[in-house]
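Following full-length UniProt numbering from start to finish, the sequence shown increments by one per residue and tops out at 429. We put the beta carbon where it would ideally sit given N, CA and C, even for glycine. These numbers come from a predicted model, not from an experiment. Comments concern the structure below.
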Amino acid sequence: MASASFLPHTPTPRPHLAVALPSPSRHRPPSAFSSALSPPSAAAEEEEKADAAGEAAPARGGGEERRRVVRRAWEKLVRWSRSWRRRNRSDVLETTRKVVVLGGGSFGTAMAAQVAAKKADLEVSMLLRDDLVCRSINHRHINCKYLPDHRLPENITATTSASDALAGADFCFHAVPVQFSSSFLQGISTHVDPKLPFVSLSKGLELNTLRTMSQIIPQALGNPRQPFIVLSGPSFAVELMNKLPTAMVVASKDKKLAAAVQQLLASPNLRISTSNDVTGVEIAGALKNVLAIAAGIVEGMHLGNNCMAALVAQGCSEIRWLATKMGAKPTTLAGLSGSGDIMLTCFVNLSRNRNVGLRLGSGEKLDKIMNSMNQVAEGVSTAGAVIALAQKYHVKMPVLTAVARIIDNELTPKRAVMELMNLPQVEEV
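Written out as structure tokens, the structure is:
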């Protein structure tokens, strides 16, 4: 079954702007490192010339020659990496004195720990509403509710006072669930500096307005110029806390601001790429949660690996159709915040949205599932908003629409699968 095999996509044609693409250069590193690209130094150019001289003769048969070529390629990559770091040192961390994190869920806590570990005298303040969690963080350095098995750096403090948390902050990480963000931000707006950069960790769409966080934050704060950055990508909080290798992307219309957050967060266990495609990163992050519910349903119904692969591929096509209609770049959707996050959320048991789908596919009722969870599965509330957004942009999304109808209890998972399989056999797009 192909990735767009359920329904044809007929987007309204629109003119495409001609974009001049840079020609390939032998100084260019592999695409995974493209966000770190900058002109090579004189020393780097000399290294490249030496490598080119050593590789002038084509590699001929033999294991030793092959190993030599591979070794040279790796050494070039390592030298490029060191050279780039020397030329791109930043004083962002040195000049940052305080970071505030809004929300005390698992991911907000993990990002607080990530930043706090970068510098011992950096003040990291978490604004919470739960007195018990506040006391646990301040006295025992543990988030007893969401990450009870992980000790937090001692320079993290927690408070229920917005004025105390936000006073003197250099960066603000917003980790409040999307559906509660607007009212929360309106309540603290008088304490927010109009120049304070907001880094959004929240993924989803506001149900009644279809707004993303890049729209919600400035509107709720009453400041259309509030600096905004979105952070997204394949990342589970518990793996960040365990310092396992992770890669994410920060996106902002302000290139310097994105680079500053990149430097603030990057560490030996966390790679941060930059992007200016805020729309692509936000829409991919919102829609992948709905697709993860669909993947969980397939798992819960024991429909097999073929069905899982077909459904996720179709869902990726639907996300691409809508996101590009909204102005997203296809390269963003193929990157960390798109394909990367989709793979993690759809195929790994740690995903809350996938587990909601798995339980739905196993026959449980949604109310029972939601009442048993202590964290928000954004895909449940986002599903209806996604379909409304698709209708606004005239995009057909059969898989994600089926999820929304299942969540609304208007369609059973079994019936949804039958209807999807009976859609017309069409050309892949």
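Residue i lies in the alpha helix (DSSP H); which residues open and close that run?
i	result
residue 398	398–407
residue 136	That residue, residue 136, is in no alpha helix (DSSP H); it is neither H nor E in DSSP.
residue 119	Looking at the DSSP string, residue 119 is not in any alpha helix (DSSP H), and its letter there is neither H nor E.
residue 165	162–166
Can you look up residue i in the DSSP assignment and give me helix, strand or coil?
i	result
residue 125	strand
residue 424	coil
residue 36	Summary for residue 36: the model assigns pLDDT 42, below 50, so the residue's position carries little reliability, and this model does not support an answer.
residue 289	helix
residue 191	helix
residue 98	strand
residue 214	helix
residue 429	coil
residue 199	strand
residue 29	Annotation note: pLDDT 43 at residue 29 (below 50); position unreliable, no value reported.
residue 275	strand
residue 109	helix
residue 379	helix
residue 282	helix
residue 224	coil
residue 90	coil
residue 300	helix
residue 413	helix
residue 205	coil
residue 104	coil
residue 419	helix
residue 70	helix
residue 431	The question about residue 431 has no answer, for the chain in this structure spans 1 to 429.
residue 386	helix
residue 178	helix
residue 78	helix
According to DSSP, what are the bridge partners of residue i?
i	result
residue 372	Partner(s): none; residue 372 has no beta bridge.
residue 147	143
residue 156	124
Am I right that residue i and residue j are in contact with their C-beta atoms under 8 angstroms? What's the rounded C-beta distance?
i	j	result
residue 118	residue 252	Actually they do not touch by this definition, with Cβ atoms about 20 angstroms apart.
residue 455	residue 385	With the chain covering only 1 through 429, there is no way to say anything about residue 455.
residue 97	residue 170	6 angstroms
residue 101	residue 175	6 angstroms
residue 204	residue 309	Actually they do not touch by this definition, with Cβ atoms about 26 angstroms apart.
Starting from residue i, trace the beta strand (DSSP E) both ways and give me its first and last residue.
i	result
residue 172	171–174
Taking 7 angstroms as the line, does the beta carbon of residue i fall inside it for any heavy atom of the ligand MN?
i	result
residue 141	With respect to small molecules bound, the structure shown includes none, and the ligand MN cannot be examined in it.
- Query: Which runs of the beta strand (DSSP E) spanning at least 3 residues fall entirely within the stretch 305–368, listed in chain order?
  - Reply: none
- Counting only runs of 3+ residues fully inside the stretch 228–271, write out the beta strand (DSSP E) ranges in chain order. 228–232 and 246–251
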